[in-house]
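Mapping the sequence shown onto the numbering used here, position 71 (from 1) lands on 198, and the numbers just tick up by one. Note that the Cβ used here is the ideal one computed from N, Cα and C, for glycine as well. Take a look at the structure below.
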Amino acid sequence: MTTVRGCDFPDALFYDVPTHTWYQPADEGLVRFGISRVGLALAREVLVFTPKRVGSECEKGRSVATMESAKWVGSVRIAFDGTVVAINEALIARPTIINEDCYGAGWMLLVRPASASWRDALIPGASLADAYEAWMEREAFPGCGPDGQMAAFF
């Protein structure tokens, strides 16, 4: 586990810092996808999750889902081209799962990448600390608090 300013990142995953998303290789060349602890801290408590439908094409940098909290609505963007092959139905039924376990039960989509080189632009978890520290410094992000939410700015 890599920890940066109180935000945990499992080493076995791959990350896209600009979109605050994680990726996990799955069976048959598929990739499980979700939001990182930093993305969750920025969103605060997620109350609604609306993904693209199974069969939808995904484009790098484009929205594949929408998340809503009490005072925020935002897009979740993907780091590579592909096709949605499954969605986390449990997350649609109970979106608060992501607040409890963003790296496990709170996964969002299962995607078939358009290319075998899908992880080329991603950072392995064990190598992530410097990239996220630089982002946090640049964005004045204080880090994650003990409850996984964003730490106070004061």
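Please say whether residue j and residue i have beta carbons closer to each other than 8 Å?
i	j	result
Gly161	Cys229	yes
Arg91	Ser190	For residue 91 there is no data in the structure shown, the boundaries of the chain being 128 and 281.
Gly233	Pro137	no
Ala241	Asp143	no
Thr210	Thr193	no
Val165	Glu260	no
Would you kindly report the start and end of the unbroken beta strand (DSSP E) that includes residue i?
i	result
Tyr259	Counting along the chain, Tyr259 falls outside any beta strand (DSSP E), though it belongs to the alpha helix (DSSP H) covering 256-266.
Leu99	The chain is shown from 128 up to 281; residue 99 falls before or after that span and cannot be answered.
Quick check on the DSSP output: the alpha helix (DSSP H) that includes residue i runs from which residue to which?
i	result
Leu249	Unbroken run through Leu249: none, as it is neither H nor E.
Could you pull out every residue in the same chain whose Cβ sits closer than 7 Å to the Cβ of residue i, ignoring the five residues on either side in sequence?
i	result
Glu216	none
Please go through the same chain and pick out, in chain order, the residues whose beta-carbon is closer than 6 Å to the beta-carbon of residue i, but skip the five residues on each side of it.
i	result
Arg159	Gln151, Ala153, Trp234, Leu237
Thr175	The question names Thr, yet the displayed sequence has Val at residue 175. The answer, listed in chain order, is Glu195, Pro222.
Examine the ligand SAM and report whether any of its heavy atoms sits within less than 7 Å of the Cβ of residue i.
i	result
Phe136	Ligands are entirely absent from the displayed structure, and the ligand SAM is therefore not among its contents.
Tell me which residues share the same chain as residue i and place their Cβ nearer than 8 Å to its Cβ, disregarding the 5 neighbours each side in the sequence.
i	result
Glu172	Ser196, Ala197, Thr223, Asn226, Gln276
Who are residue i's beta bridge partners in DSSP?
i	result
Asp135	Thr130
Leu236	Phe160, Ile214
- Message: In chain order, what are the residue ranges of uninterrupted alpha helix (DSSP H) at least 4 long that sit wholly in the stretch 152-208?
- Response: 164-170
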